[in-house]
Amino acid sequence: MVLDLLQPDHPQLTPVSPRLSTARRMSSALFFAIPAIAGAVLAALVQPAFWALTGAAVAAWAVSFWVIGRRVSAHRYLEDRADIIVARGRWWRQVTVVPYGRIQFVDLDEGPLLRLFGLARLQLNTASATSDAAIDGIPRAAAQELRERLSERAREAMAGL
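Read in the UniProt record's numbering, the sequence shown has 34 at position 34, and its numbers run on one by one without any break.
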């Protein structure tokens, strides 16, 4: 089977955790809750026309709920022999191929929501900012193992130069 990196659901690409969708949807709900609550309060106290603000915030959140699920399902990666491939996006597909020899260091990050869901973000850093890549939503233990493997492969590739 030919590796088609522009196919978001290619079986050779490893998907990130679906729990990332839940974490991002919670963040989105918090973001849209502010204008929704403000619209409801203003509608009750000042003018009923402010219900439109509440409706718009709820509609925007509903659209973001769907978009988040689509984006997370298309975020995948592949550890190849010579490089790591990070693919993301369903409508606008972005594929980043980072050779192990170009990796300078690997960051592991987790914010409060990612930590709540036991997830982490793995950031690959190279000398060129255009070839940096990030893998969001990896289970914490798997992210630590992946960081170790990538760091070791990067050291081996750099030793051969």
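Ideal Cβ positions, reconstructed from N, Cα and C, are used throughout, including at glycine.
One alpha carbon belongs to Trp91, the other to Gly101, and they sit about 30 angstroms apart. One thing to note: Ala154 has its Cβ no nearer than 8 angstroms to the Cβ of Ile138. If you ignore the 5 residues before and after Arg24, its C-beta comes within less than 6 angstroms of the C-beta of Ile68, all in its own chain and listed in chain order. Counting C-beta atoms within 10 angstroms of its own C-beta, Gly111 has fewer than 16 neighbours from the protein chains shown and is therefore classed as exposed. Of all C-beta pairs linking the region 135 to 151 to the region 51 to 61, fewer than three are shorter than 8 angstroms, placing the two stretches out of contact. Boundaries of the alpha helix (DSSP H) harbouring Phe31: 19 to 45, taken from the DSSP string. Residue range 51 to 73 is occupied by the alpha helix (DSSP H) that includes Gly55.
Pro8 sits in coil when the DSSP states are folded into three classes, being neither helix nor strand.
In the DSSP assignment, Pro112 falls within the alpha helix (DSSP H) that extends over 112 to 116.
Distance from the CA atom of Ser64 to the CA atom of Ser128, rounded to whole angstroms, is 32 angstroms.
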